[in-house]
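If you read the sequence shown in this note's numbering, its first letter stands for residue -15, the second for the next number, and so on. Below is one structure, written out as structure tokens; comments come after it.
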Amino acid sequence: MKKRHIFFRLLLMLLPCCLLAGCKSLIKSDQMDQQLEQLITALNEDNADQIYQFMYPGVVTREEFETAYEEFQLAWVKSTRYTTKLNAINVKNNFSNSGSSKTWQAQYYVFTEDTSYTITLAYLSDSDGAGLYQLNLASGTGPLLISGGFTTARENSFIQWFVLIFSILGYVFILITIIDIIGKRPRLFGVWIGAALTFLGFRVLITPSGFQAGGGPLWFVLSSFRIYSDGTRNFVLAIPVGAIVYWCLRKKTADPKTKG
């Protein structure tokens, strides 16, 4: 029963690490999606007043906003037909003596019939109010992930799914290893837990302009084979070498008190 509790605790510890390593692309925010849709509607209607109302109270003066809005007008081409793609998002809960607050930061790619944009939004909610405290609109987008991630399931090839599953199994192997370390409590107990979380990573990056390759120790990384819209191919192989070494030396590292 005790080991079962340890298992679930470690699972909860490793899940956030997995998110940091690459599963964060699965996170979505209805709050930010709504802000983006309202912004695009206001831009299509050329409604500066509406956009200004979206801003966090006092974060920008009306004069400063009008100057920024002129740049938005020059960049944005009205279009009621568009698609959006979340590129990155970060959500934080902040606590201090003065109270609590929550911030959302998100970057979206927006594709219309004629062009594309990168829109970056930051939203703050606290006891003083709620609204956007950062808004940036730029023409063009960065390279898009076509296949190789958890969010591109339909487009992934057999090899790409094999690499992703290999990565998941690596984390399961690490979890089992840490449970065993806690149960056996070998010499240098804490060092072995740190070692179990260590990967030996190899990376091959092929871009339209060149080729890069390298490797070394890594932590909280996912093996993947990703293909992007500009032709870039990024292959990462992460081997849980620390956990493998532990199992190879398991008998030698056992605490004498636990032997027999």
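Where a beta carbon is used, it is the ideal one built from N, C-alpha and C, also for glycine.
In the three-state scheme derived from DSSP, where H, G and I count as helix and E and B as strand, ARG46 is classed as helix. Cβ atoms of LEU181 and ILE158 come within 8 Å of each other, at about 6 Å.
Close CB contacts of ASN120 within its chain, under the 6 Å cut and outside five residues either way in sequence, are with THR104 (chain order).
Counting only runs that start and end inside the region 161 to 211, the alpha helix (DSSP H) elements of at least 4 residues fall at 173 to 180. Looking at THR96, ALA72, GLN91, ALA52, the one whose alpha-carbon comes closest to that of ASN28 is THR96.
Here DSSP, grouped into helix, strand and coil, assigns TYR36 to helix.
Note: ARG217 is bridge-paired with ILE190, ILE211 in the DSSP secondary-structure output. Excluding the 5 residues flanking it on each side, ILE143 has same chain C-beta neighbours closer than 7 Å at PHE209, in chain order. Sequence-distant Cβ neighbours of TYR117 in its own chain, meaning closer than 6 Å and more than five residues away, are TYR40, VAL43, ALA106, LEU108. In the DSSP annotation of this structure, the continuous segment of the beta strand (DSSP E) that includes GLY83 starts and ends at 83 to 96. The residue from TYR101, THR99, TRP88 with its alpha-carbon nearest to that of GLY115 is TRP88.
The beta carbons of GLY199 and LEU184 sit closer together than 9 Å.
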